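Reading through the structure tokens given below for one structure.
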Amino acid sequence: SQQGEEDPQALSIQEGENATMNCSYKTSINNLQWYRQNSGRGLVHLILIRSNEREKHSGRLRVTLDTSKKSSSLLITASRAADTASYFCATLLNTDKLIFGTGTRLQVFP
Amino acid sequence: EPEVTQTPSHQVTQMGQEVILRCVPISNHLYFYWYRQILGQKVEFLVSFYNNEISEKSEIFDDQFSVERPDGSNFTLKIRSTKLEDSAMYFCASSEDGTSGTLWEQYFGPGTRLTVT
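Written out as structure tokens, the structure is:
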């Protein structure tokens with residue numbers, strides 16, 4: 615199994631609803647980062663949470679990290695159609711390479 | 148806000164040809180990376196570069212690949228003899244610090260879509 619698997623693979627919601635995406639990983643990490651990717655475009659860094667942090671907020675984003683369960687969640691509150699994208703978690707281990715998850719495709723309908 | 152830039156945005160090449168993908172990292176960053184994403188798949192690490200040498204590379208990064216920082220601003224990825232399976236989006240990234248235990252984010256460029264025909 616892989617380092618970094620998100621679920622669900624796809625999520626469809628209405629504008630105004632909250633979207634929650636989960637990420638699980640296998641090994642100890644230094645930090646975990648969430649990225650957004652619009653279709654066919656680049657990766658936009660959203661938020662970084664350190665291994666000694668449990669929760670972090672940035673605007674409408676809330677990230678949690680549970681190192682005992684090796685899992686993280688990304689919550690987008692009051693979603694907008696512009697939030698439609700793929701969301702990836704990426705873990706930084708003891709080297710400097712990011713290991714990306716499989717991604718969650720979020721569709722927000724107006 | 149400073150950003151990583153990449154050129155070209157799209158490159159079409161024939162199998163067996165050499166391609167060079169170019170990146171300009173954020174100016175005060177010291178660590179540089181290349182990743183790739185085959186259509187519909189995960190983003191995969193290729194190589195990291197610091198102090199003018201490769202610090203880590205994946206098994207994907209074989210002898211057909213090379214990286215270079217030819218001057219103070221550019222960071223390039225060369226594929227010597229492209230194969231069909233090299234078709235992918237290639238992302239450059241940079242960070243202020245990349246060593247073990249670092250907390251710094253990696254900032255990604257918009258990518259170069261490489262199509263090998």
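Chains as they are written, first to last, in the numbering used here: chain F, 615 to 724; chain C, 148 to 264. Glycine included, C-beta positions come from ideal geometry on N, C-alpha and C. On a predicted model such as this, the values are computed, not experimentally measured, just so you know.
is_contact[residue i, chain C] using C-beta, thresh 9 Å
i	result
I713(F)	yes
A704(F)	yes
Y701(F)	no
Q647(F)	yes
T691(F)	no
D621(F)	no
D697(F)	no
T718(F)	no
Contact check, residue i vs residue j, beta carbons under 9 Å
i	j	result
W181(C)	L231(C)	no
F238(C)	H659(F)	no
A679(F)	S672(F)	Note that residue 679(F) is Leu in the sequence shown here, rather than Ala. Their beta carbons are not under 9 Å apart, which means L679(F) does not touch S672(F) by this criterion.
L720(F)	A624(F)	yes
V151(C)	V171(C)	yes
P186(C)	T229(C)	One detail in the question is off: residue 186(C) reads as Leu in this sequence, not Pro. No.
R169(C)	I207(C)	no
R674(F)	E629(F)	no
E203(C)	D710(F)	yes
T691(F)	N632(F)	yes
G190(C)	L657(F)	Residue identity check: residue 190(C) is Val in the sequence provided, not Gly. Their beta carbons are under 9 Å apart, which means V190(C) touches L657(F) by this criterion.
N267(C)	E243(C)	Since the first residue of chain C shown is 148 and the last is 264, residue 267(C) is not available in this structure.
F212(C)	F196(C)	no
G258(C)	M236(C)	yes
R650(F)	A704(F)	no
DSSP three-state assignment for residue i, whether helix, strand or coil
i	result
L231(C)	helix
D210(C)	coil
D621(F)	strand
A692(F)	coil
D697(F)	helix
M635(F)	strand
S626(F)	strand
S685(F)	strand
Q188(C)	coil
K225(C)	strand
E243(C)	coil
R719(F)	strand
V151(C)	coil
Chain F contact for residue i (CB, 9 Å cutoff)
i	result
F222(C)	no
E243(C)	no
E191(C)	yes
Please name the residues in the region 159-180 of chain C whose beta-carbon is closer than 9 Å to at least one beta-carbon of chain F, in chain order. Y178, Y180
Proximal residues, the region 228-241 of chain C versus chain F, C-beta separation under 9 Å: M236, F238, A240
Proximal residues, the region 624-640 of chain F versus chain C, C-beta separation under 7 Å: none
Tell me whether the region 156-167 of chain C and the region 715-723 of chain F touch, counting them as touching only if at least three CB pairs, one residue from each stretch, are closer than 8 Å. no
With 7 Å as the limit, tell me which residues of the region 250-263 of chain C have their beta carbon closer than that to any beta carbon of chain F; keep them in chain order. Going along the region 250-263 of chain C in chain order, one finds L250, E252, Q253, Y254, F255, G256, P257, G258 with a Cβ nearer than 7 Å to chain F.
Residues in the region 654-688 of chain F having any Cβ partner in chain C nearer than 7 Å: R655, G656, L657, H659, L662, R664
Give the residues from the region 194-213 of chain C that approach chain F closer than 7 Å (Cβ to any Cβ), ordered along the chain. S195, S202, E203
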